[in-house]
Amino acid sequence: MRLPAQRVLITGGASGLGRAMVEAFAREGARVMIFDQDGRGCEETRASLRQQGHEVFSFVGSVTDAASVEQAFAQADELLGGLDVLINNAGISSNYPSLELTDELWDRAIDINLRGSFLCARAAGRRMVAQRSGHILNVSSIYGLVAAPERLAYCVSKAGVAMMAKVLASEWGECGVRVNAIAPGYVQTPLIDDLVARGRIDLDRLRARTPLKRLNDPSDVAELAVFLSSPACRNVTGQVIAVDGGWTAYGYL
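Numbering (our numbering), first residue to last: 12 to 264.
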C-alpha cells in the first residue's frame, strides 16, 4: 500500500473518473471521503467499497456552494481526523459554438470547473498550511493545455485549473504543501459517451490521431493521481502532467 491511513477527499467521486480515483486510493490504504452532488452514486460507491473492506465516507453537496464546501471539509475533519490529499476532480464538459454560448452555459462551466476547484483548494489549503503538509491535485484537461474550437468555456476553465496549481504550489510550498495538476486526454466515461451520442466527437478519429492508438481507461488517470500523491513524489510540485497517450505531443497532420 502506497498511502496507508492517508486522509483523502475526492470531489466528483460518485461516478466515472472520480469513482475510479476513489477505488484506486482506497486500494492503496487511504481513508476516503467522496464529495459529490449525486447522492445515489455516493451511496452505491461507498457501499461497494465498504463490502471490500475499505473505509469510505461521503458528503452530498455542490462544489460551487461555499457553505456546502465548508460543511464537507468540516465533516472530513470529523470523520477522517483531518486531510492529507484533495483531488479536485468535479467538472463538466462544455462543447458549444462560441456565438451560441449563453451567459448561463458560460457561468455553469466556470462555476463548476474553476470556482469549485478554488473553493475546495482554499478549504484544503487552510488545513494543510496549518499542519505544514498535504497534496492538492487539480484535474485539468488536454484542453487546458491546447486550444480547440467550440470549447471556449471548457478550455478557459481547465487552463485556469492548471494555472491555479502552479500559483498555489509557488505560494504554499514553503509550508510543505504540494499542488499539481493532471491533464487527462479523452477518458472512456459516461461524459464521453454523451458527447459521442450527440455527435460531438468521433472516437475512431481520436484513436487514429493518438500515438498510442488508445483512449484513457479511468484507471490510467487514477493510477497517476495515486502516484503523485504518494511519498515517491515528495519533491514534485507545480507541475501539469498530461496523461493522453501522446495526444498533445503529436503535431503532425
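Positions of the beta carbon are idealized from the N, C-alpha and C atoms, including for glycine. Just so you know, these numbers come straight off a predicted model, no measurement behind them.
W258 places its beta carbon 8 angstroms or farther from that of R218. Burial of P195 is indicated by the presence of at least 16 other C-beta atoms within 10 angstroms of its C-beta. The beta carbons of G29 and N124 sit no closer together than 8 angstroms. Just so you know, the alpha carbons of Q48 and S168 end up roughly 20 angstroms apart. Cα atoms of A170 and Y154: separation of roughly 7 angstroms, rounded to the nearest angstrom. In the structure shown, the three-state DSSP call for N99 is strand. Looking at I98, V140, R61, the one whose alpha-carbon comes closest to that of V237 is I98. Beta-bridge partners assigned by DSSP to V188: G145. DSSP places L125 within a helical segment (H, G or I) once states are collapsed to three.
Assigned with DSSP and collapsed to three states, V254 falls in strand. Contact between L226 and V198 holds: their C-beta atoms lie close to 7 angstroms from each other, under 8 angstroms.
In this structure, the alpha-carbon of Q142 lies about 15 angstroms from that of F84. Here R138 is buried. Its C-beta has 16 or more other C-beta atoms within 10 Å. Under the three-state reduction of DSSP, A194 is assigned to strand. Take A176, set aside five residues on each side of it, and the residues of its chain with a beta-carbon closer than 6 angstroms to its own are N149, V190, N191, A192, in chain order. Given a length threshold of 4 residues, each whole run of the alpha helix (DSSP H) inside the stretch 70 to 95 is given here in chain order: 77 to 91. The C-beta distance from L14 to S230 rounds to 16 angstroms, too long to fall under 8 angstroms, and the pair is not in contact. Considered as a whole, the stretch 215 to 242 harbours 229 to 240 as its complete alpha helix (DSSP H) runs of no fewer than 4 residues, in chain order. Taking C-beta atoms as the reference points, A132 and L179 count as a pair closer than 8 angstroms. Where L20 is concerned, the enclosing beta strand (DSSP E) starts and stops at 18 to 22.
About 16 angstroms separates the Cβ atoms of L20 and A78, ruling out a contact at the 8 angstroms cut-off. When Cβ pairs closer than 8 angstroms are counted between the two stretches, the stretch 36 to 46 is seen to touch the stretch 59 to 71, the count reaching three or more. The residues I193, I252, V254, in chain order, have a CB closer than 8 angstroms to that of L235 in the same chain once the five nearest residues on each side in sequence are set aside. If you draw a 10 Å sphere on the C-beta of S181, you find fewer than 16 other C-beta atoms in it, and that means exposed. E185 and G52 have their C-alpha atoms roughly 38 angstroms apart. Bridge partners of M44 according to DSSP: L20, F68.
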